[in-house]
Structures are given as structure tokens and as C-alpha cells.
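Q: Residue numbers for the sequence shown follow this note's numbering, beginning at 340 and rising by one.
C-beta atoms are modelled at their ideal positions from N, C-alpha and C, and glycine is treated no differently.
Every value quoted in this text rests on a predicted model; they were computed, and no experiment measured them.
Got a structure for you, written out below as C-alpha cells; questions coming shortly.
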Amino acid sequence: MMKHILIIEDLKDTIDLIKNVLEDDYELLFAKTSKEAFHILQNHSIDLVITDLKLPDSSGLDILKIIRNLDPNISVVIVTGYGSITSAVEAMKNGAFDYLTKPLDIDELRIVIERAFEQRKLRDDLKDLKNQLSQRYGLENVIARSSKMLKVFEKVNQVSQTNATVLISGESGTGKELLAHAIHFNSQRKENDFLAINCGALPESLLESELFGYEKGAFTGATSMKPGKFELANKGTIFLDEIGELTLFTQVKLLRVLEQKEFMRLGGNRVISVDVRVVAATNKNLDEEVSAGRFREDLFYRLKVFEIDIPPLRERPEDIPLIAHHYLKLFSEQYKKNIEGFSNEAMHVLRNYSWPGNVRELKNLIESIVIVSDKALIEKEMISLDSPATPVRAVGSGSEDGLLSGMNLNMTLEEVEEEFIRKVYELNDRNKSKTAQALGIGRSTLIRKLKQFKIE
340 MMKHILIIED LKDTIDLIKN VLEDDYELLF AKTSKEAFHI LQNHSIDLVI TDLKLPDSSG
400 LDILKIIRNL DPNISVVIVT GYGSITSAVE AMKNGAFDYL TKPLDIDELR IVIERAFEQR
460 KLRDDLKDLK NQLSQRYGLE NVIARSSKML KVFEKVNQVS QTNATVLISG ESGTGKELLA
520 HAIHFNSQRK ENDFLAINCG ALPESLLESE LFGYEKGAFT GATSMKPGKF ELANKGTIFL
580 DEIGELTLFT QVKLLRVLEQ KEFMRLGGNR VISVDVRVVA ATNKNLDEEV SAGRFREDLF
640 YRLKVFEIDI PPLRERPEDI PLIAHHYLKL FSEQYKKNIE GFSNEAMHVL RNYSWPGNVR
700 ELKNLIESIV IVSDKALIEK EMISLDSPAT PVRAVGSGSE DGLLSGMNLN MTLEEVEEEF
760 IRKVYELNDR NKSKTAQALG IGRSTLIRKL KQFKIE
């Protein structure tokens, strides 16, 4: 389908030139006055406008402003024989795509038009992508129908249309980031960026530069200025996962952003103002962290303006079949398998497992089963208790090798914690990532605990 270009020009020589150059590739419409142009704009779908700066009844700048109000997606190119730097700057400030002078250069005209349509396509593609993301992260796509999760959805709907800071609590694997996405894409900020950062995955110095950016020369290797996540997320949402892992120093800088909506880049002295919504998440009990002096009380209250607690999967077993079937369908399509469902016995196993890794663990288990399965139905025997996806199956075991063996009522809470971490660590072959997931804590928290208890 040919693109429609409106030419607003009163000189016959210029009209003839444009017609000869463009009529084979584009559908051209012509107007000699702003009144004629306005009539065409109201009655036709126009993709690009090329307008003279000086018209018999108006100015091209006035036309530009009218077009921006009618449809900001229409690109406008200003053409004039009365060109000046002042008028060019004013046109660009008011939203003109580009600025050409008479006599028109044919090659330059073609290039400008091609660039305008390329930019339009990029804008349309970005809009489509954001619409897809908005649909993908809509609450209707969160796989859950339990009463506990319906209450969570209700809270998401309540807070999405506000700019309130949100604190999402829940064990690892419960879907905290998915919920943060849902809040963003159901808010008025959905057209702007959603940026996420895991506060527990980076050392303090690197985390600070990622959050707040740095100036050239701020440290060895800083060869150029780099904006941080807060700056890049302006007008959008920033998701701070594992917020409980922040050091006290970084907590102070975050508090300033929340209170004053401003910060300085690392190594800089210029204050940068931002309008960013903060959604934070934690698998820790921040009340306890505050009491222990590891988390600032003022920051805690700034973050918990609106709280959402995601229940673990074991507390909503009615959601397990829905989630299991969802991922079975997803991975069956991905790996081109014809698996129809689960046997009753297999589903019984899934519903009665404690799922310490929550939805993430269930998802990984289903994927691993689909990869190796060549049957139409998933049977109980295919769900191995020794599966890497279910590393803490032995919790509560009464055997001598169980996690509770070696513990007694005379032990202090710290001793119980040390023994429990030691056993889960061994059970997971001293794999820190698996151990952290099994315990429902962040990897950096586990590393700190291992050092605290001198577990090598």
C-alpha cells in the first residue's frame, strides 16, 4: 500500500518538481493554502506532510502546530526559500522532522522522506512492542485462580493507577518481578521504560554505578559518562529486586531519590531530577532486618507505602494444576512434543509437594520432564524425587540423613540455622545457587551466612 504524502505549496515549479520525483512511489495530495490542507487532513489518512514555510494565508509553522495537535504521528518536513537558522530552529523545536531549503535537491528530498518513514516504522514497531508487553503482563496472564492470589490481583489493580512506591514480599520463585511488570504495564507509565536490577547480584561499587550512573573519570576505566538506571527510567518504573541486600551506604542514596526525587552521578556534582516510580521486592523479613540494624527504618517506611505479599505455592495448591498445564503446553510447543497432560497420580504428586522454589521450581521441573518425555501423558514415575528441580525433597525426613537429624531442643536458634544451612548446602552438592533457591534466600545472603558460620 502506497504511503500518502500531503504537499502544501503554492509555487507551480516546486509542485511540478515534487510531482515528477515522487508520484511513482507515493500517493500525493496537494494544497495551496492552509485551509485546503486542513480539509485534506480531516478527510484523508496522511503519513507525511511537506509544507512551505510561507503560505498565502498562513505560516508553515502554524500548519506544523495544527498537525501536531491533530496527529503527532504525522512527520512534517518544512521547505522554504526564505530559510534562516532562526526559522529552522523554531520549526525543529515545534516538532518538524527535518528542514529543507529551495531550490530543492532531489536526492536530499528522497533521503529525508525515506528517513521520515523509517522513523515512523520504528515508532510503530515500538508501540506494537509495548502493546504486546502490556498484554503479556496483564493480570489475566498471571496463572492463578486461588482466593489468595485473587486478593493479590485486587491489590495490583488498586495501586497500578497511582504513583505510590510498592514493596512486594515473597519467597524466591513466587513471581515478584512478574507482578512488578503487571503494575507497570497497567499504569499510566506503561508507555515509558520498565527497568529491573537485582540488588543482591552486584557488589556495592558496581551497584551504585548501575543505579546512579557515573561521570567520565569517576574511577579507573570510566572513559565516558554513563547514565544509571534511575536516569534511564525517567517517567517510567524501576524494579529493585532483593532490596534487602542493599548496603547501608547505598540505602542512604536510595532514600534521597525517594524523598527528593534527585541524585548525582558517581563522581559528579550536578543534581539530576527524576520522575521514577519505584517497585521493590524482597524475600526477607525487613522488619527483622530493621531491628537488627541492617536496614534503615526510614527507607523501610518509604518503601512500604503500599505492600503486596505473594503467598508461596505450597499455600495455594489449587493453582498448581493451572500452572503445571500452562507450562506443559508452553514447553510441548517449544520442544515440538505431543504431550496431552498429567495422570491423576502425577498431579497428586505435584499438588502435595512443598515447592520450596515455588513457581520457578515447578516451571523448571515441567521443562525437564518435557525434554526427555516421549509419551502422551506424564506419569508419576516421570517425576523423580532425585530431580535437580526438587533438591529439598528431604525436608522433614525422619531418616538419619534427613535435614532435622542432629538437631535438638537444647540448641539455640543460631545453632539450628547453622546446622540447617550446612545440611541443605551438602544436600545440594555445595552448589550456592541451588542452595539459596532451596532456602528461599538470595545468593548473596547465603554467601554471607556461609562466611558467618565458617562453612567452607
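How is residue 430 classed by DSSP in three states: helix, strand or coil?
A: helix
Q: Helix, strand or coil: which one does DSSP assign to residue 537?
A: strand
Q: Measure the C-alpha to C-alpha separation of residue 395 and residue 348 and round it to an integer number of angstroms.
A: Those two C-alpha atoms are separated by around 9 Å.
Q: Within 10 angstroms of the Cβ of residue 488, are there 16 or more other Cβ atoms? Answer buried if so, exposed if not.
A: buried
Q: If you reduce the DSSP assignment to three classes, tell me which class residue 419 lands in.
A: strand
Q: Does any residue of chain B bring its CB to less than 8 Å from the CB of residue 557?
A: Absent from the structure: chain B. Only one protein chain is present.
Q: So, with DSSP's three-state summary, where would you put residue 307?
A: Since the first residue of the chain shown is 340 and the last is 795, residue 307 is not available in this structure.
Q: So, under 8 Å CB-CB, residue 552 and residue 604 are touching, yes? Tell me the CB distance rounded to an integer number of Å.
A: 4 Å
Q: State the beta-bridge partners of residue 627 as determined by DSSP.
A: According to DSSP, residue 627 bridges with nothing at all.
Q: Consult DSSP for residue 388 and reduce its assignment to one of helix, strand or coil.
A: strand
Q: Assign residue 666 to one of two classes, buried (16 or more other C-beta atoms within 10 Å of its C-beta) or exposed (fewer than that).
A: buried
Q: Quick check on residue 725: does DSSP put it in helix, strand or coil?
A: Residue confidence for residue 725 is low, a pLDDT of 42 falling below 50, so the modelled location carries little weight; the figure read from the coordinates is stated next. Coil at residue 725, not helix or strand.
Q: Which class does residue 363 belong to by DSSP, given the choice of helix, strand or coil?
A: coil
Q: For the stretch 644-725, which segments carrying the beta strand (DSSP E) assignment without a break, of at least 3 residues, lie completely within its bounds, in sequence order?
A: 645-648
Q: Would you decide whether residue 591 is buried or exposed? Buried here means 16 or more other CB atoms lie within 10 Å of its CB.
A: exposed
Q: Could you tell me the alpha carbon to alpha carbon distance between residue 611 and residue 502, rounded to whole angstroms?
A: 20 Å
Q: Can you list, in chain order, the residues of its chain whose CB lies under 6 Å from that of residue 815, leaving out five sequence neighbours each side?
A: The structure shown has nothing for residue 815, since the chain only spans 340 to 795.
Q: CA-CA distance, residue 539 and residue 780?
A: 10 Å
Q: Let's test the definition: count the other Cβ atoms within 10 Å of the Cβ of residue 533 and tell me whether it reaches 16, buried, or not, exposed.
A: By the 10 Å Cβ count, residue 533 comes out buried.
Q: Which term fits residue 673, buried or exposed, when burial requires 16 or more other beta carbons within 10 angstroms of its beta carbon?
A: exposed
Q: Out of curiosity, what's the CA-to-CA distance linking residue 686 and residue 719?
A: 8 Å
Q: Between the beta-carbon of residue 706 and the beta-carbon of residue 670, is there less than 8 Å?
A: yes
Q: In angstroms with no decimal places, state the Cα-to-Cα distance between residue 633 and residue 595.
A: 18 Å
Q: May I ask you to verify whether the stretch 638-653 touches the stretch 560-572, counting CB pairs closer than 8 Å and requiring at least 3?
A: Segments in contact, no.
Q: Can you grab the Cα-Cα spacing for the pair residue 760 / residue 460, in whole Å?
A: The straight-line gap from Cα to Cα measures roughly 54 Å.
Q: Looking only at C-alpha atoms, which of 702, 508, 616 sits nearest to residue 646?
A: 508
Q: Below 7 Å CB to CB, which residues in the same chain sit around residue 771 once its five sequence neighbours on both sides are set aside?
A: 782, 785, 786
Q: Who pairs with residue 280 in a beta bridge, going by DSSP?
A: In the structure as shown, the chain begins at 340 and stops at 795. Residue 280 is therefore absent and cannot be evaluated.
Q: Relative to the C-alpha of residue 796, which residue among 638, 690, 637, 639 is closest?
A: The chain is shown only over 340 to 795; residue 796 falls outside these bounds and no answer can be derived.
Q: Can you find the residues in the same chain that come closer than 8 Å, C-beta to C-beta, to residue 601, ignoring five residues on each side of it along the sequence?
A: These residues qualify, in order along the chain: 595, 610, 611, 612, 613.
Q: Quick check on residue 563: does DSSP put it in helix, strand or coil?
A: Coil at residue 563, not helix or strand.
Q: From what residue to what residue does the beta strand (DSSP E) around residue 440 run?
A: 437-440
Q: Pairing CB atoms from the stretch 428-436 with CB atoms from the stretch 401-417, are three or more of them under 8 Å?
A: yes
Q: Let me know the secondary structure DSSP gives residue 530 once reduced to three states.
A: Here residue 530 carries a coil assignment [DSSP, helix/strand/coil].
Q: From residue 392 to residue 366, what distance separates their C-alpha atoms?
A: Here the alpha carbons of residue 366 and residue 392 stand approximately 22 Å from one another.
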